[in-house]
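Participant:
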Amino acid sequence: MNKIRKLFMIGKDMYIDGIVEVDVLLKNFLPNEHVQRVLDITPAKLREMGIKGVITDLDNTLVAWNVKDATPEVVEWFKEMKANDIKVTIISNNDEERVSVFSEPLEAPFVYSARKPLIRAFKRTAKQMGLNKEEIVVIGDQLLTDVLGGNFAGFHTILVVPIVETDGKITRLNRMIERRILNWMRRKGMITWEEK
1072 MNKIRKLFMI GKDMYIDGIV EVDVLLKNFL PNEHVQRVLD ITPAKLREMG
1122 IKGVITDLDN TLVAWNVKDA TPEVVEWFKE MKANDIKVTI ISNNDEERVS
1172 VFSEPLEAPF VYSARKPLIR AFKRTAKQMG LNKEEIVVIG DQLLTDVLGG
1222 NFAGFHTILV VPIVETDGKI TRLNRMIERR ILNWMRRKGM ITWEEK
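My numbering numbers the first residue of the sequence shown as 1072 and each following residue consecutively.
1) Pull up the distance between the alpha-carbon of I1210 and that of P1102, whole angstroms please.
2) When burial is assigned at 16 or more other CB atoms within 10 Å of the CB, is K1139 buried or exposed?
3) How is the beta strand (DSSP E) around E1104 delimited, first residue to last?
4) From the DSSP secondary-structure annotation, give me the bridge partner or partners of L1230.
5) Closest to F1223 by CA distance: which of R1251, L1117, I1248, K1204 is it?
6) By alpha-carbon positions, which one of K1123, N1245, A1115 ends up nearest to F1226?
7) Going by the beta-carbon positions, is the gap between F1173 and F1181 smaller than 9 angstroms?
8) Is the region 1138-1156 touching the region 1244-1253 in the sense that three or more CB pairs, one from each, lie closer than 8 angstroms?
9) Based on Cα-Cα distance, which residue from M1200, N1164, D1111 lies nearest to L1129?
10) Once DSSP output is grouped into helix, strand and coil, what is the label at V1146?
Shown next as structure tokens:
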């Protein structure tokens, strides 16, 4: 059985090659926080945490994956962040056209084809913001890209509920794996939130 398959056979405590316990490995998928939607994350809450920067996913985090432009509520959220001197950068695995069309009207810096969960885009974004990792949160709707990448890069991670239940092809595969990880975490008592 290959390592990837072993990693996602979640259900009992197992070891990969007798060295790394799956419990330990899968804790990398655990977000620091869970909220229903990005709009629930306010400048006041971030200031209390000492946060000065937000790295956020785009698709199914800010808007549905098949919606081109920001909603009025998301536009207002960006304005509130800016008014409170909180820097926001969008990083997405999507292509340049998709990410730029969404981000430019908001005057938001962005990174496209980020290859999350690889940490390079996260670290580069933090450097461009001029902030330490302790001053930044990563927000996203996927454990396998946003949370895992943010955790590996050393940021505080916030998981949001996906805006819509449909996804692109690659994300559908990710969701199947995520469901198994979430079920395992729930059985272990590691998460307490209920999905709505």
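Ideal placement from N, C-alpha and C gives every residue a C-beta, glycine not left out.
Since we're looking at a predicted model, the values are computed, not measured.
Facilitator: Taking the structure as given:
1) 9 angstroms
2) exposed
3) 1104-1106
4) H1105, G1211
5) K1204
6) K1123
7) yes
8) no
9) N1164
10) helix
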